[in-house]
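Asks: Numbered by this note's numbering, the letters in the sequence shown go through residues 39 to 249 in order. From the three backbone atoms N, C-alpha and C, an ideal C-beta is built for every residue, glycine too. I have a structure I would like to understand better, so I am pasting it below and will then ask my questions one at a time.
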Amino acid sequence: MIIECVRAAFKGLTDHIDTVYLVGGFGGCKFVRQRIEEAITQHCGILYDNIECPIQPDLAVVLGAVMWRKDPNIIQSRVADATYGTGLSDAFDPSIHDEHYKFFDEDGVQRCDNVFEVFVLKGEVIQQDEVYQTTLIPFSQSYILVNIPIFSTADDGVQYVRDKEGKRTVRKIGELILDLPNPDNVPNETPTVHGLAPIAAMVHARTSITV
Numbered sequence: 039m040i041i042e043c044v045r046a047a048f049k050g051l052t053d054h055i056d057t058v059y060l061v062g063g064f065g066g067c068k069f070v071r072q073r074i075e076e077a078i079t080q081h082c083g084i085l086y087d088n089i090e091c092p093i094q095p096d097l098a099v100v101l102g103a104v105m106w107r108k109d110p111n112i113i114q115s116r117v118a119d120a121t122y123g124t125g126l127s128d129a130f131d132p133s134i135h136d137e138h139y140k141f142f143d144e145d146g147v148q149r150c151d152n153v154f155e156v157f158v159l160k161g162e163v164i165q166q167d168e169v170y171q172t173t174l175i176p177f178s179q180s181y182i183l184v185n186i187p188i189f190s191t192a193d194d195g196v197q198y199v200r201d202k203e204g205k206r207t208v209r210k211i212g213e214l215i216l217d218l219p220n221p222d223n224v225p226n227e228t229p230t231v232h233g234l235a236p237i238a239a240m241v242h243a244r245t246s247i248t249v
């Protein structure tokens, strides 16, 4: 299982890799390390001499966590391990949207359902505490509450959050639940302080992602 995961990871690489570091309990096991080295060599033979393992590999992860807790600024940026975004209904564009997802809203406007609106792409470098914002406008004037799901996927090129059979193509990792007060019945085409156009923010805070 470990070897298959290593092979799968290397098959998905798009950038050049100079060095591989083995940490954790498996990194300290000579047999497992040898098998991992063999698997890596099959894909990138030049890396065989650049596979490093610390003296105490089982403590490396713990020490890293302790070092970060003592000085959070030690990590200045991270690489997104997946693509993150939300699902929404967008204005239908025949040049980019599939007819299968087309529907008409209550005002008779053509829209595309289940569109995957991307915030962060897999492999993108994210600076510490970097914030991503997007404006979402409810297409129904009657909405007083809106749920904004947050999805992630390790796959590339995902355009919809569900396939044509209705099966989810992404993994739900959270959601924003927002009240939409509109005492003056302001049309929802115009963003106002009443909340008719909620702002969804993805904050990549240090070692985790919060919304």
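(1) Compare the Cα-Cα distances from residue 163 to each of 69, 113, 154 and report the closest residue.
(2) Could you tell me whether the Cβ atoms of residue 130 and residue 196 are closer together than 7 angstroms?
(3) Do residue 160 and residue 98 have their C-beta atoms closer together than 7 angstroms?
(4) Whose C-beta lies closer than 7 angstroms to the C-beta of residue 105 among residues of the same chain, with five residues either side of it excluded?
(5) Can you tell which of 192, 145, 175 has its C-alpha closest to the C-alpha of residue 217?
(6) For residue 125, does the count of other Cβ atoms within 10 angstroms reach 16, so buried, or fall short, so exposed?
(7) So, with DSSP's three-state summary, where would you put residue 64?
(8) Entirely within the segment 72-136 and at least 4 residues each: give me those alpha helix (DSSP H) ranges in chain order.
(9) Could you tell me the distance, in whole angstroms, from the CA atom of residue 221 to the CA atom of residue 180?
(10) Starting from residue 210, trace the alpha helix (DSSP H) both ways and give me its first and last residue.
(11) If you compare alpha carbons, which of 151, 193, 110 is closest to residue 141?
(12) Closest to residue 19 by C-alpha separation, out of 200, 191, 166, would be which residue?
(13) State the DSSP-derived secondary structure class of residue 203, mapped to helix, strand or coil.
(14) Compute the Euclidean distance between the alpha carbons of residue 89 and residue 185, then round it to the nearest angstrom.
(15) Could you please give me the residues that DSSP links to residue 139 through a beta bridge?
Replies: Looking at the atomic coordinates:
(1) Closest option to residue 163, Cα to Cα, is 113.
(2) With contacts defined as CB atoms closer than 7 angstroms, residue 130 and residue 196 fail to qualify as a contacting pair.
(3) No; because the gap between Cβ atoms is not below 7 angstroms, this pair is not in contact.
(4) For residue 105, same chain residues with a beta-carbon under 7 angstroms away, outside a window of 5 residues either side, are 112 in chain order.
(5) Nearest option by C-alpha distance: 175.
(6) Buried.
(7) In the structure shown, the three-state DSSP call for residue 64 is helix.
(8) Those alpha helix (DSSP H) runs which fall completely within the segment 72-136 and span 4+ residues are 95-108.
(9) In this prediction, residue 221 scores a pLDDT of 48, lower than 50, which makes its location untrustworthy; the coordinate-derived value is nonetheless stated afterwards. So the alpha carbons of these two residues sit roughly 12 angstroms apart.
(10) Where residue 210 is concerned, there is no enclosing alpha helix (DSSP H), although the beta strand (DSSP E) it sits in stretches over 209-217.
(11) Among 151, 193, 110, the Cα nearest to that of residue 141 belongs to 151.
(12) Residue 19 cannot be examined here, being either before or after the span of the chain that is shown, 39 to 249.
(13) Residue 203 falls in the coil class under three-state DSSP.
(14) The C-alpha of residue 185 is placed about 46 angstroms away from the C-alpha of residue 89.
(15) Looking at the DSSP output, residue 139 sits in no beta bridge, so it has no partner there.
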